[in-house]
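Quick notes on the structure that follows.
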Amino acid sequence: MQYTSNTLENHWMPFTVNRDFKADPRLVVKGEGINFTNHNGGRVIDGSSGLFCCAAGHGRKEIADAVANQLMEIDYSPHFQIGSPPSFELASRISALTPDEINHVFFTNSGSESIDTALKIAMAYHSARGEGHRNKFVSRERAYHGVNIGGTSLSGLMKNREIFGSVMPGIVHMRHTWSPDHRFVRGQPTWGAEMADDLERFAQLLGGTNIAACFVEPIAGSTGCLVPPKGYLERLREICDQYGILLVFDEVICGFGRLGVPFAAQAFGVTPDIMTMAKALTNGVLPMGAVAVRDSIYDTVIDTAPDGAVEFFHGYTYSGNPASCAASLATLDIYEKEGLFDKVAAMSDHFLDSIYDLEDLDIVTDIRGYGMLAGIDLAPGSGPGVTGTRAMKKLYAAGLHVKLTGDCALVAPPFVAEKGDIDEIGGILRDVLANL
Ligand SMILES: Cc1ncc(COP(=O)(O)O)c(C=O)c1O
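This is the structure in structure tokens:
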């Protein structure tokens, strides 16, 4: 592709220090396997699967072909009152991966839209059951549930919510699960399940029968990979059952194999009522999200609507977009044919060894990890995120893309990474962090 623009000025970039970026840009112009090529022709290893999406690696011809073929078959169809085959096929394929009780899938275009859709599904379900008064939602400190208004209100990250976070009323936040005692624990901490009792306290304070749903990322991802303490998610499930509260797992990062099984629900043995997903659903190549719900939720909303009436007044112009569905179907084929979820399970120990090996560096204050996802906390500089931004730039210059959130480096390589690739990532991290 030839680019004619010689200015970066017109693109207002998301979650970016725009002035800084435009003075010293980092552009990637090609992707293949676990590697990007930057605009100077240099190799940059993709240590975070883009933004946790490109699990099958970059430049997958199977996906490109599937999308191209789909565009020449049926390029666009609305999904309001008519449909096209790929979305039905994809919903079945996703249902085969979700827990047994979860077999109905609503399509969106992003993780953020999945979250706002899940909020509405919860409201629609309770309303259909004659419990429309359940209008409170429980989230958690340090949560990231995207950037739409619902997700921003659920957010537990101060910078994401301080200006716009209180638009949606009725949202309360449990404590996050990190504790200083968890420093450098690998996998699930053994201490902290009782923090789930915050939900019980909100049920006591607000009335359990007024709470519609409790939203959690099974592993809090964007804030820095906070792995749930043993028993924590189980306890949330018990409390939700006790009060009729829906349990929503935001699987946008964990879903599609990042933990070595299809979803966190299976990794931790806890079945939620609603699962939100996006990112690795299409290997990141086309925008798409999905919300999968228990059969009982779908049946309730559908069966209680009057004959001939639309049952759920919600949907997007691009819900179930054929090209995105084709990208996703080809992606799921790759995961299956190449056994990539099993590969994550087999590679996890080697990956975590190489990340926990950094524990001796002075600048590293904590490491957490599970599956092929790890967070490395760096000692803060003159303000929050100062060290993180410096680390991100130096890592990139050294040939490694890693997503920094504040002062935490989130490492999440594509599942196609081999042991040598993991070692190379660990080596660059060590060299750069040791000399930051
Ligand atoms: C857990 C979680 N939920 C929701 C989102 C929002 O997804 P998107 O950026 O596709 O809107 C993200 C994005 O990182 C996420 O990590």
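If you count the sequence shown from 1, position 315 lands on 334 in my numbering, and the numbers rise without skipping. Where a beta carbon is used, it is the ideal one built from N, C-alpha and C, also for glycine. All figures in this text were calculated on a predicted structure; none of them were measured in a lab.
Relative to ligand 1, the beta carbon of Ala297 is positioned inside 7 Å of a heavy atom. The beta carbon of His333 is closer than 6 Å to those of Lys139 in its chain, skipping five residues each way along the sequence. With a threshold of 7 Å, the Cβ atom of Val271 counts as near ligand 1, since some heavy atom of the ligand is closer than that. Out of Pro247, Met193 and Gly206, the CA that lies nearest to the CA of Leu224 is found in Met193.
Its chain contains Gly243, Gly394 and Asp396 as the residues whose beta carbon lies nearer than 6 Å to that of Cys427, once the 5 sequence neighbours on both sides are disregarded; these appear in chain order. Around Leu419, the same chain offers Val63, Ile64, Gly66, Ile444, Ile447, Leu448 and Val451 as residues with beta carbons nearer than 8 Å, after the five sequence neighbours per side are excluded. Of the other Cβ atoms in all chains shown, fewer than 16 fall within 10 Å of the Cβ of Thr23; this residue is therefore exposed. With respect to the C-alpha of Ala110, the residue from Val405, Ser343, Gln100 and Gly388 having the closest C-alpha is Ser343. Going by DSSP, Glu253 is part of the alpha helix (DSSP H) stretching over Tyr251 to Tyr262. In the structure shown, the three-state DSSP call for Tyr389 is strand. Distance from the CA atom of Phe203 to the CA atom of Asn154, rounded to whole angstroms, is 39 Å. When secondary structure is reduced to three states using DSSP, Met142 falls in the helix class. For Glu236, the shortest separation between its Cβ and any heavy atom of ligand 1 lies below 7 Å. For the region 402–436, the continuous beta strand (DSSP E) assignments of 3+ residues that do not extend past its boundaries occur at 422–424 and 427–430, in sequence order. Asn122: not part of any alpha helix (DSSP H); member of the beta strand (DSSP E) spanning Ile121 to Thr127, first to last residue. Between the region 410–425 and the region 355–373, the count of C-beta pairs closer than 8 Å stays below three; the two stretches do not touch. In this structure, Ser129 places its C-beta atom within 8 Å of the C-beta atom of Pro306. Linking Arg313 to Leu300 through their CA atoms gives a straight-line distance of about 19 Å. The closest heavy atom of ligand 1 lies less than 7 Å from the beta carbon of Gly308. Three or more beta-carbon pairs separated by less than 8 Å link the region 247–263 to the region 209–216, which places the two stretches in contact. Contact between Pro432 and Ser106 does not hold, since their C-beta atoms are separated by about 30 Å, which reaches or exceeds 8 Å.
Rounded to whole angstroms, the separation of the alpha carbons of His201 and Ala87 is 48 Å. About 7 Å separates the beta carbon of Phe55 from that of Lys49, a gap short enough to meet the 8 Å contact definition.
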